[in-house]
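Trainee: The structure that follows is given in the form of structure tokens.
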Amino acid sequence: MKVLVINCGSSSLKYQLIDMDTETLLAKGLCERIGIDGKLKHEAAGKDKFISEAPLKDHNDAIQAVLNALVDPEHGVIKDMKEIDAVGHRVAHGGDHFNKSVLVTPEVKDYITKYIELAPLHNPANLSGIEVCEKLMPGVPQVAVFDTAFHQTMPEKAYLYAIPYKYYEQYKVRKYGFHGTSHKYVSQECAKMMDIPIENTKIITCHLGNGGSVTAVQGGISIDTSMGFTPLDGIAMGTRSGSIDAAAVLFLMRKENLSVDEMDRILNKESGVYGISGVSSDFRDIEEAESEGNKRAALALETFAYRVAKTIGEYVATMNGVDAIVFTAGLGENSGSTRQLICNYLGYLGIELDSYKNSLRGQAVEITTKQSRVQVYVIPTNEELVIARDTKEIVEAQA
Ligand code: ADP
Numbered sequence: 083m084k085v086l087v088i089n090c091g092s093s094s095l096k097y098q099l100i101d102m103d104t105e106t107l108l109a110k111g112l113c114e115r116i117g118i119d120g121k122l123k124h125e126a127a128g129k130d131k132f133i134s135e136a137p138l139k140d141h142n143d144a145i146q147a148v149l150n151a152l153v154d155p156e157h158g159v160i161k162d163m164k165e166i167d168a169v170g171h172r173v174a175h176g177g178d179h180f181n182k183s184v185l186v187t188p189e190v191k192d193y194i195t196k197y198i199e200l201a202p203l204h205n206p207a208n209l210s211g212i213e214v215c216e217k218l219m220p221g222v223p224q225v226a227v228f229d230t231a232f233h234q235t236m237p238e239k240a241y242l243y244a245i246p247y248k249y250y251e252q253y254k255v256r257k258y259g260f261h262g263t264s265h266k267y268v269s270q271e272c273a274k275m276m277d278i279p280i281e282n283t284k285i286i287t288c289h290l291g292n293g294g295s296v297t298a299v300q301g302g303i304s305i306d307t308s309m310g311f312t313p314l315d316g317i318a319m320g321t322r323s324g325s326i327d328a329a330a331v332l333f334l335m336r337k338e339n340l341s342v343d344e345m346d347r348i349l350n351k352e353s354g355v356y357g358i359s360g361v362s363s364d365f366r367d368i369e370e371a372e373s374e375g376n377k378r379a380a381l382a383l384e385t386f387a388y389r390v391a392k393t394i395g396e397y398v399a400t401m402n403g404v405d406a407i408v409f410t411a412g413l414g415e416n417s418g419s420t421r422q423l424i425c426n427y428l429g430y431l432g433i434e435l436d437s438y439k440n441s442l443r444g445q446a447v448e449i450t451t452k453q454s455r456v457q458v459y460v461i462p463t464n465e466e467l468v469i470a471r472d473t474k475e476i477v478e479a480q481a
């Protein structure tokens with residue numbers, strides 16, 4: 083079975099075509115600047131990289147360009163679009179309705195529409211990706227895989243905010259959590275690497291990219307996570323503040339006479355390690371500035387590590403112990419120095435990093451010494467593979 087995985091953003095679209103009989107990646111690519119001008123970068127195993135700058139005025143153009151690239155005689159990997167058996171879509175917000183991936187039906191689309199108010203930047207693009215695929219590939223099953231679904235197992239005490247209960251009842255204001263597909267994948271991989279049934283494990287997964295979240299995975303299910311009602315909450319991020327006293331936000335709005343939209347922009351786009359360092363949102367730039375003696379860059383990195391370490395501590399308490407900690411995503415997979423800064427705070431867990439293993443890149447590896455009481459792993463995430471696996475399972479169950 084060949085599954086096309088689509089991750090549709092407002093102006094970008096990532097895709098992979100995976101042969102699910104062997105879990106082999108056949109082709110992958112990225113459409114950028116949709117609605118601005120357009121760029122498609124396409125890579126297929128054993129073929130030259132293909133780049134097109136043909137205009138992409140909307141998601142319809144982008145998905146059509148992807149299908150054209152996949153069937154192209156030179157850089158394509160299939161002869162006919164009909165070889166695509168199913169499409170799996172990443173969908174940001176499934177509210178409290180979806181605790182697992184589902185086959186797309188008109189009712190599912192209604193729910194994705196309903197949750198636009200919870201994810202105004204992402205759900206409209208995700209829905210548009212689904213609708214374009216339905217149009218261009220009539221009859222091909224579409225599956226929705228939600229970023230929030232894995233966290234639906236959190237108990238009430240973890241997801242409720244201590245505000246008047248009526249706001250939860252009326253508007254569903256509560257913690258949802260994100261990056262669920264990634265936390266699920268790396269926790270399962272970690273249990274396999276530990277060779278322990280996942281039901282018997284307590285794992286803390288740290289997805290550290292531009293956005294970042296930390297999750298307590300007990301017995302294979304999410305019991306708490308650092309992102310909240312929106313992806314702004316939790317640890318500090320590239321440009322997002324993470325948790326902040328809500329009264330500080332009110333104070334700033336009053337002092338600087340800021341509108342809701344202005345404050346929203348400051349918290350989402352001008353804060354985090356970018357806000358503290360004043361250098362960049364990219365950790366590579368901040369690490370470079372720090373090595374050149376920039377004190378605020380050093381402060382940003384230390385503050386970031388301190389907050390991740392504090393969150394890990396919370397989850398050790400929540401689970402009454404921990405067997406393993408996993409680092410994943412752009413920063414978590416690539417920055418040995420960030421992992422070291424975080425683990426410097428975890429001596430009480432008897433964690434000891436092996437500096438050679440901590441310097442390795444691009445592979446799933448345990449990075450602790452033999453004496454370390456808790457194991458720490460780096461596991462490259464693979465959200466597309468999880469989406470394709472869920473899609474295959476759901477489509478086969480229908481057959
Ligand atoms: P997202 O999917 O949230 O956009 P990624 O998971 O791709 O983000 O992570 C991107 C971030 O990872 C970059 O902003 C950068 O800060 C960090 N990163 C990637 N490679 C490295 C590296 N070699 N060293 C330090 N940081 C890195």
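The numbering used here puts the first residue of the sequence shown at 83, with every later residue one more than the last. Ideal Cβ positions, reconstructed from N, Cα and C, are used throughout, including at glycine.
From this set, Leu442, Gly294, Arg455 and Ser441, which residue's C-alpha is nearest leucine 428's C-alpha?
Mentor: By 1-based counting over the sequence shown, the position of residue 428 is 346. Considering only alpha carbons, the answer is Arg455.
Trainee: Just the Cα atoms here: how many angstroms apart are glutamate 396 and glycine 301?
Mentor: For the purposes of this step, residue 396 is taken as the residue at position 314 of the sequence shown. For the purposes of this step, residue 301 is taken as the residue at position 219 of the sequence shown. The straight-line gap from Cα to Cα measures roughly 17 Å.
Trainee: May I ask whether a heavy atom of the ligand ADP can be found less than 6 Å away from the beta carbon of serine 417?
Mentor: Translated into the one-based positions of the sequence shown, residue 417 becomes position 335. Serine 417: yes, Cβ under 6 Å from the ligand ADP.
Trainee: How big is the Cα-Cα spacing for lysine 257 and isoleucine 368?
Mentor: Translated into positions along the sequence shown, residue 257 becomes position 175. Translated into positions along the sequence shown, residue 368 becomes position 286. Straight-line Cα distance between these residues: approximately 30 Å.
Trainee: Use the C-beta contact count for lysine 248: other C-beta atoms within 10 angstroms, 16 or more gives buried, fewer gives exposed.
Mentor: Position 166 of the sequence shown, counting from 1, holds the residue named residue 248. So lysine 248 counts as exposed.
Trainee: If we ignore side chains and look at the alpha-carbon of each, how far apart do tyrosine 459 and tyrosine 97 end up?
Mentor: For the purposes of this step, residue 459 is taken as the residue at position 377 of the sequence shown. For the purposes of this step, residue 97 is taken as the residue at position 15 of the sequence shown. Rounded to whole angstroms, tyrosine 459 to tyrosine 97 spans 27 Å at the Cα level.
Trainee: In three-state DSSP terms, what is glycine 414?
Mentor: As a first step, residue 414 is located in the sequence shown; it is residue number 332 there, counting from the start. DSSP places glycine 414 in helix when its eight states are reduced to three.
Trainee: Do serine 269 and isoleucine 285 have their C-beta atoms closer together than 7 Å?
Mentor: Residue numbering aside, residue 269 sits at position 187 when the sequence shown is read from its first letter. Residue numbering aside, residue 285 sits at position 203 when the sequence shown is read from its first letter. Yes. Within cutoff.
Trainee: Tell me whether the beta-carbon of arginine 389 lies closer than 7 Å to the beta-carbon of isoleucine 326.
Mentor: Taking the sequence shown and counting its residues from 1, the one referred to as residue 389 is at position 307. Taking the sequence shown and counting its residues from 1, the one referred to as residue 326 is at position 244. Taking 7 Å as the Cβ cut-off, arginine 389 and isoleucine 326 do not qualify as a contacting pair.
Trainee: Residues in its own chain within less than 8 Å of methionine 345 by CB, not counting five upstream and five downstream?
Mentor: For the purposes of this step, residue 345 is identified with residue 263 of the sequence shown, where counting begins at 1. Contacts found: Val331, Leu334 and Met335.
Trainee: DSSP puts leucine 107 in a beta bridge; with which residues?
Mentor: What you label residue 107 is simply residue 25 of the sequence shown in a count that begins at 1. BP columns for leucine 107 point to Ile100.
Trainee: CA-CA distance, threonine 393 and glycine 354?
Mentor: Translated into the one-based positions of the sequence shown, residue 393 becomes position 311. Translated into the one-based positions of the sequence shown, residue 354 becomes position 272. Cα to Cα, the separation comes out at about 16 Å.
Trainee: Measure from the alpha carbon of aspartate 140 to the alpha carbon of each residue in Asn208, Val404 and Glu370, then state which is nearest.
Mentor: Walking along the sequence shown from the start, residue 140 turns up at place 58. Answer by Cα proximity: Asn208.
Trainee: Using C-beta distances below 6 Å, list every residue in its chain close to glycine 158, excluding the 5 sequence neighbours before and after it, in chain order.
Mentor: Looking up residue 158 in the sequence shown gives position 76. Within the same chain, glycine 158 has close Cβ partners Leu152.
Trainee: Short of 7 Å in beta carbon distance, which residues of its chain neighbour glycine 418, apart from the five on each side in sequence? Order them along the chain.
Mentor: The residue given as residue 418 occupies position 336 in the sequence shown. Excluding positions up to five away in sequence, the list reads Asn440 and Ser441.
Trainee: Distance check for glutamate 374 and isoleucine 280, CA to CA, integer angstroms please.
Mentor: Numbered from 1 along the sequence shown, position 198 holds the residue referred to as residue 280. Numbered from 1 along the sequence shown, position 292 holds the residue referred to as residue 374. Computed Cα separation, rounded: 44 Å.
Trainee: For the segment 220 to 235 against the segment 259 to 266, are there 3 or more C-beta pairs whose distance is under 8 Å?
Mentor: Cβ pair count under 8 Å is three or more, so yes.
Trainee: Let me check understanding here. Comparing Cα to Cα, which of Glu189, Arg322, Gly177 and Val299 lies closest to tyrosine 250?
Mentor: Sequence index remark: in the sequence shown, residue 250 carries index 168 (1-based). Nearest C-alpha to tyrosine 250: Gly177.
Trainee: CB of arginine 322 to nearest heavy atom of the ligand GTP: below 6 Å?
Mentor: By its list of ligands, the structure shown excludes the ligand GTP, since it contains just the ligand ADP.
Trainee: Sorry if obvious, but does the Cβ on arginine 172 come closer than 6 Å to a heavy atom of the ligand ADP?
Mentor: Taking the sequence shown and counting its residues from 1, one reaches residue 172 at position 90. Because no heavy atom of the ligand ADP lies under 6 Å away, the Cβ of arginine 172 does not count as near it: no.
Trainee: Can you tell me which of the three DSSP states lysine 248 falls into?
Mentor: To locate residue 248, count along the sequence shown from 1; it is residue 166. Helix.
Trainee: I need the straight-line Cα distance from isoleucine 529 to glutamate 238, nearest angstrom please.
Mentor: In the structure as shown, the chain begins at 83 and stops at 481. Residue 529 is therefore absent and cannot be evaluated.
Trainee: For glycine 291, verify whether its CB is less than 6 Å away from any heavy atom of the ligand ADP.
Mentor: Locating residue 291 in the sequence shown gives position 209, counting from the first residue. Flag set: Cβ of glycine 291 near the ligand ADP.
Trainee: Quick check: serine 363 and glycine 320, are their CB atoms within less than 7 Å of each other?
Mentor: The residue labelled residue 363 in the question sits at position 281 within the sequence shown. The residue labelled residue 320 in the question sits at position 238 within the sequence shown. Result yes, Cβ atoms of serine 363 and glycine 320 sit closer than 7 Å.
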